[in-house]
Amino acid sequence: AQTVTQSQPEMSVQEAETVTLSCTYDTSENNYYLFWYKQPPSRQMILVIRQEAYKQQNATENRFSVNFQKAAKSFSLKISDSQLGDTAMYFCAFMIIQGAQKLVFGQGTRLTINP
Amino acid sequence: GAGVSQTPSNKVTEKGKYVELRCDPISGHTALYWYRQSLGQGPEFLIYFQGTGAADDSGLPNDRFFAVRPEGSVSTLKIQRTERGDSAVYLCASSPGANTGELFFGEGSRLTVL
Numbered sequence: 131a132q133t134v135t136q137s138q139p140e141m142s143v144q145e146a147e148t149v150t151l152s153c154t155y156d157t158s159e160n161n162y163y164l165f166w167y168k169q170p171p172s173r174q175m176i177l178v179i180r181q182e183a184y185k186q187q188n189a190t191e192n193r194f195s196v197n198f199q200k201a202a203k204s205f206s207l208k209i210s211d212s213q214l215g216d217t218a219m220y221f222c223a224f225m226i227i228q229g230a231q232k233l234v235f236g237q238g239t240r241l242t243i244n245p
Numbered sequence: 124g125a126g127v128s129q130t131p132s133n134k135v136t137e138k139g140k141y142v143e144l145r146c147d148p149i150s151g152h153t154a155l156y157w158y159r160q161s162l163g164q165g166p167e168f169l170i171y172f173q174g175t176g177a178a179d180d181s182g183l184p185n186d187r188f189f190a191v192r193p194e195g196s197v198s199t200l201k202i203q204r205t206e207r208g209d210s211a212v213y214l215c216a217s218s219p220g221a222n223t224g225e226l227f228f229g230e231g232s233r234l235t236v237l
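In order, the protein sequence lines correspond to chains A and B. Final position of the first sequence in our numbering is 245; the numbers increase by one with none missing. Final position of the second sequence in our numbering is 237; the numbers increase by one with none missing.
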């Protein structure tokens, strides 16, 4: 069974600072996706960034980037130049590429960006 | 539609009652998922539809929970004899197809069982 662990229940930084959210996972599979989702108070899960496990290059999306360490089964999210609108719950998630595409989520990190 | 639509947004019911939650996926998306998110937790998988059939219902907690998707579009999650422990946000997601790695979520239905 796959598990995803987020060890930081809450984080808080000042606007414009850089923040890194941690995630580790456990799997015996070799082909999978990793994701970071943002969940604002509206409850909708919004995809922030996706990483395919077979790609060595770390994914980036504007201010968001990941540090994917496959051997260590680590997948951290870095948010640069943080903005007030980044305040939300952030969930790390795992998906095996074949089959039902079930997402396995971590417990989440509540990120607060302070003005 | 433009996005995944879920109704009702909020539902309050009494213990023992029957509840239906509806999900209208993005037009053309063949895959549909239901997740349950308890307070302070990440979402947990309940059931996955590919077309009209439930391809994987391994996450349904017990036989009080049932879901249908009769025409391969709209899905209804049905909960019988609700219990206080069923209180949670129920999230629906859809995907254009298998192995795309792309799930689009709705805003969820918050169920409160008194």
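Ideal Cβ placement from N, Cα and C applies to all residues, glycine included.
V212/B and G229/B look like a contact to me (Cβ under 8 Å); what is the Cβ gap, rounded to whole Å?
Your pair V212/B and G229/B does not check out as a contact, with CB atoms roughly 10 Å apart and the cut at 8 Å.
I'd like to know whether the C-beta atoms of L151/A and F198/A end up nearer to each other than 8 Å.
Cβ atoms of L151/A and F198/A: not closer than 8 Å.
So what does D156/A bridge to, in DSSP terms?
Beta-bridge partners of D156/A (DSSP): T133/A.
Could you name the residues that DSSP lists as bridge partners for T199/B?
Answer by DSSP bridge pairing, in chain order: R145/B and V191/B.
Is the Cβ-Cβ distance between K185/A and S195/A less than 8 Å?
The answer is no: Cβ separation not under 8 Å.
Since A230/A meets chain B, which of its residues come closer than 7 Å, beta carbon to beta carbon?
What A230/A touches in chain B: Y171, A178 and D179.
As assigned by DSSP and simplified to three states, the class of L226/B
L226/B: coil per DSSP, three-state reduction.
Any C-beta of chain B under 8 Å from that of S204/A
By the rule that beta-carbons nearer than 8 Å mark a contact, S204/A does not touch chain B.
Is L214/A helix, strand or coil by DSSP?
Helix at L214/A.
Stretch-stretch touch, CB-based, cutoff 8 Å, three pairs: the region 207–227 of chain A with the region 178–197 of chain B:
Between the region 207–227 of chain A and the region 178–197 of chain B there are fewer than three C-beta pairs closer than 8 Å, too few to call the two in contact.
Under 7 Å by beta carbon: chain A residues contacting G195/B:
Counting only Cβ-Cβ distances below 7 Å, G195/B has no contacts in chain A at all, with the closest Cβ about 16 Å away.
Tell me where the beta strand (DSSP E) around N161/A begins and ends.
That residue, N161/A, is in no beta strand (DSSP E); it is neither H nor E in DSSP.
Would you say Q164/B faces chain A, with C-beta separation under 8 Å as the test?
Yes, Q164/B counts as interfacial toward chain A.
Does any CB atom of chain B fall closer than 8 Å to the CB of F235/A?
True, the Cβ-Cβ gap to chain B drops below 8 Å.
Cβ-based burial, S198/B [other Cβ within 10 Å; buried from 16]:
It is buried - the Cβ of S198/B has at least 16 other Cβ atoms within 10 Å.
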